[in-house]
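Counted the way the numbering used here counts, the sequence shown spans residues 2 to 177. All C-beta atoms, glycine included, are put in the ideal place defined by N, C-alpha and C. Quick caveat, the model's predicted, so the values are computed rather than measured.
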Amino acid sequence: MRHNIFYTAHRPLKLALITTCISLDEQYADENPDSGEVIKKISEMLYIFKEQVRNEATYILPIIFDYEPSIWNMYTAQHHKGMNQLRDLEDLISAFKKAEDEQKAAMISLISRVYNEFMLFNFHHTDDEEEVINEILWRYYKDNYLLEVEAAFKTLHPAVKQQHATAVLTQTATAA
């Protein structure tokens with residue numbers, strides 16, 4: 002099995018997406034939401050995804066451009082779509098923070114819907130990257146080079162590491 006350059010970034014990102022989604026769903030279900038923590042989690046996720054897109058655009062996409070420019074173009078377009086969704090969420094969060102208390106429950110509903118679309122898009126996108134881009138990388142590069150590229154990544158923001166650790170501890174405690 003060849004080295005999956007995305008695994009160390011995508012796996013905890015997906016886990017953080019899910020845990021944030023669960024927090025948002027729990028918040029939405031509450032009658033009198035205190036939304037500060039869930040809004041903070043979403044904001045952290047958006048920052049983390051900006052960093053991930055930046056890192057992929059800096060470290061991974063350029064090394065496939067010479068061999069597969071159409072694939073570079075496709076994933077660059079997908080990153081733009083994801084960033085547009087991200088900005089929509091940032092705008093909703095900004096509006097939420099300015100909203101009157103009686104408007105916040107409706108806004109959490111809208112944020113939840115838009116976040117779910119963002120999450121589903123990113124799940125599909127990351128799976129697709131692992132399938133398509135890894136095949137290209139494996140065709141043109143050796144694993145030791147891919148490990149060097151991966152080491153250059155500056156992703157895995159501390160918030161992702163913390164959410165991942167918390168989720169693992171929660172899963173372990175629940176299973177016991």
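(request) Check whether the Cβ atoms of SER137 and ILE65 sit closer than 8 Å, and answer yes or no. (result) As a first step, residue 137 is located in the sequence shown; it is residue number 136 there, counting from the start. As a first step, residue 65 is located in the sequence shown; it is residue number 64 there, counting from the start. According to the sequence displayed, residue 137 carries Ile and not Ser. Cβ atoms of ILE137 and ILE65: closer than 8 Å.
(message) Would the region 37-56 count as touching the region 91-101 if we require 3 or more Cβ pairs under 8 Å?
(response) yes
(message) Within the continuous alpha helix (DSSP H) that includes THR59, where are the two ends?
(response) Counting from 1 along the sequence shown, the entry for residue 59 is found at position 58. Premise fails: THR59 is in no alpha helix (DSSP H) and is neither H nor E.
(request) For ILE49, name the three-state secondary structure that DSSP assigns. (result) Numbered from 1 along the sequence shown, position 48 holds the residue referred to as residue 49. If DSSP states are grouped into helix, strand and coil, ILE49 belongs with the helices.
(request) Using beta-carbon positions only, say whether LEU111 and PHE50 come within less than 8 Å of one another. (result) Your numbering for residue 111 matches position 110 in the sequence shown. Your numbering for residue 50 matches position 49 in the sequence shown. Not a contact, by the Cβ cut-off of 8 Å.
(message) Would VAL39 and GLN53 qualify as a contact pair, given that the criterion is a beta-carbon distance under 8 Å?
(response) As a first step, residue 39 is located in the sequence shown; it is residue number 38 there, counting from the start. As a first step, residue 53 is located in the sequence shown; it is residue number 52 there, counting from the start. No.
(message) Beta-carbon within less than 8 Å of GLU118's beta-carbon, same chain only, minus the 5 sequence neighbours each way: which residues are those?
(response) Numbered from its first residue, the sequence shown carries residue 118 at position 117. For GLU118, where only same-chain residues beyond five positions count, the Cβ hits under 8 Å are GLN86.
(request) Identify, in the order they occur along the chain, each residue of the same chain with its Cβ nearer than 8 Å to the Cβ of ASP144, setting aside the five sequence neighbours on each side. (result) Mapped onto the sequence shown, residue 144 falls at position 143. ARG3, HIS4, listed in sequence order.
(request) Could you check the C-alpha separation between THR156 and ASN56 for me, to the nearest Å? (result) By 1-based counting over the sequence shown, the position of residue 156 is 155. By 1-based counting over the sequence shown, the position of residue 56 is 55. Reliability fails at THR156, whose pLDDT of 48 lies under 50, so the model's placement of it is uncertain and the value that follows must be treated cautiously. Their Cα atoms are separated by approximately 7 Å.
(message) Let me make sure I understand the geometry here. Which of MET108, GLU130, TYR116 has the alpha-carbon closest to that of GLU10?
(response) Position 9 of the sequence shown, counting from 1, holds the residue named residue 10. Checking the sequence, you will find Ala at residue 10 rather than Glu. With distances taken between Cα atoms, ALA10 lies closest to GLU130.
(request) Taking 8 Å as the cut-off, decide whether the C-beta atoms of GLU103 and ILE6 are in contact. (result) Position 102 of the sequence shown holds residue 103. Position 5 of the sequence shown holds residue 6. No, the Cβ-Cβ distance between GLU103 and ILE6 is not below 8 Å.
(request) Kindly list the residues whose CB is nearer than 7 Å to the CB of THR21, restricted to its own chain and excluding five residues on each side of it in sequence; keep chain order. (result) The residue given as residue 21 occupies position 20 in the sequence shown. Excluding positions up to five away in sequence, the list reads LYS42, ILE43, MET46.
(request) Would you tell me roughly how many angstroms separate the C-alpha atoms of ARG140 and ALA106, rounded to the nearest one? (result) Counted from its first residue, the sequence shown places residue 140 at position 139. Counted from its first residue, the sequence shown places residue 106 at position 105. Approximately 50 Å, taken between the alpha carbons.
(message) So the candidates are GLY83, PRO63, LEU16; which of them puts its Cα closest to the Cα of ASN123?
(response) For the purposes of this step, residue 123 is taken as residue 122 along the sequence shown, with counting starting at 1. Answer by Cα proximity: GLY83.
(message) Please report the distance separating the alpha-carbon of TYR48 from that of LYS98.
(response) For the purposes of this step, residue 48 is taken as the residue at position 47 of the sequence shown. For the purposes of this step, residue 98 is taken as the residue at position 97 of the sequence shown. Distance between the alpha carbons of TYR48 and LYS98: 17 Å.
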